[in-house]
Every structure is written in C-alpha cells, then in structure tokens.
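First comes the structure, then the notes that go with it.
In our numbering, the protein residues as written are 19 to 198.
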C-alpha cells in the first residue's frame, strides 16, 4: 500500500515559500539533487493543496512551468479544495475532503509514494495520522518570512526517526519517518 510522503525545499529558517507564497527564491536551488532524482520515479500520485496547486511556480517563465518537479514527473494529481474549477484539468482530480483525497491518491499510487505538496495539506495529514514520511531539501538561504514547513502554534510534539541524511551540492536532504 502506498505511503504518504511530504516533500519540500525549505530555507534554513524553516520556510518553504516566501511572503505571499513567493516561490521565486527557490529557482537558484533547483540544481542537480541525486536524492530527488532517485525519489521521483518512486512517486505514484500527488496530493496537493489548493494554494500550492494554484500558487506561485519556481519554474515560472520556463518550459517547465506548471509541471510537477519541473517536468520530471507526470501522473495523477489529487487537489484538495472546496472550490473545484469548472473546466477540467488533465490528470487532476479535485476532491473536497482529506479522507477522500488520501484514499484516491493511495489507490492511484499503488505501491509507490503519494507525494504531499503544500504545508497546510501536510499539517492536515500529520494531524489525521496518515503522514508516513517527510523528505526535506534544506537550501542554504534565510528567507526571514513566509510559509513555514509546519506551522501549528500550540501543536503537539511529533517524534521523527531519521531515515537518511544525504547531501547534494545545492542542498542538504533530510528523510524522516513519522513515529508518533
């Protein structure tokens, strides 16, 4: 059965997007990353938050704009939203609640990962007890403000177990398992 993996690139001070959801900061840190290259074929489906789906794209104004992992991945995407667009989007299914989205994405992913994209969706998955792993590429930059990797003031402590800590020239990758 598929596992849910939250993956993101994060600044050293804990932000995955700048103020207003700005992703342009990430562009210079999207270079070669062997750990990400190895992960991509292991992803069977995406579970994406509405803000992430409709938000800023670090590949803006390039041929990779609008493509998952800059065009390195294609497949079924499930977007959690209360306001699905009237015009269908190829390979995208819009779902209205987390449980439906998780179940549909897992069914589509088969034995591969469901990759969770979006801080709020990751937080919801963690709170629901369905998030299995976290893969973070830490970029060598301090953003100072923006969207945090996990933001839940007053939240509970969540124990994690390190699975690996590979380094790439542009980032340090941290792969963790959620244990409680």
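Note that CB positions come from ideal geometry on N, CA and C, so glycine has one too.
Collapsing the DSSP output to three states places residue 28 in a strand.
In the DSSP annotation of this structure, the continuous segment of the beta strand (DSSP E) that includes residue 135 starts and ends at 131-135.
According to the DSSP assignment, residue 118 belongs to the alpha helix (DSSP H) that extends over 116-127. Here residue 91 carries a coil assignment [DSSP, helix/strand/coil]. Contact check for residue 93 against residue 63 passes: the beta carbons are separated by less than 8 Å. Shown here for residue 138: same chain residues with a beta carbon closer than 8 Å to its own, the five before and five after excluded, namely 67 and 69 in chain order.
In the three-state DSSP reduction, residue 168 falls in the coil class, being neither helix nor strand. Straight across, the Cα-Cα distance linking residue 105 with residue 112 is about 11 Å. Distance from the CA of residue 25 to the CA of residue 154, rounded to the nearest whole angstrom, comes to 6 Å. By alpha-carbon distance to residue 170, the top candidate from 156, 194, 44 and 141 is 141.
Pairwise C-beta distances place the stretch 151-165 in contact with the stretch 45-63, as three or more of them are shorter than 8 Å. In this chain, the beta strand (DSSP E) harbouring residue 65 covers 61-67. Linking residue 175 to residue 57 through their CA atoms gives a straight-line distance of about 27 Å.
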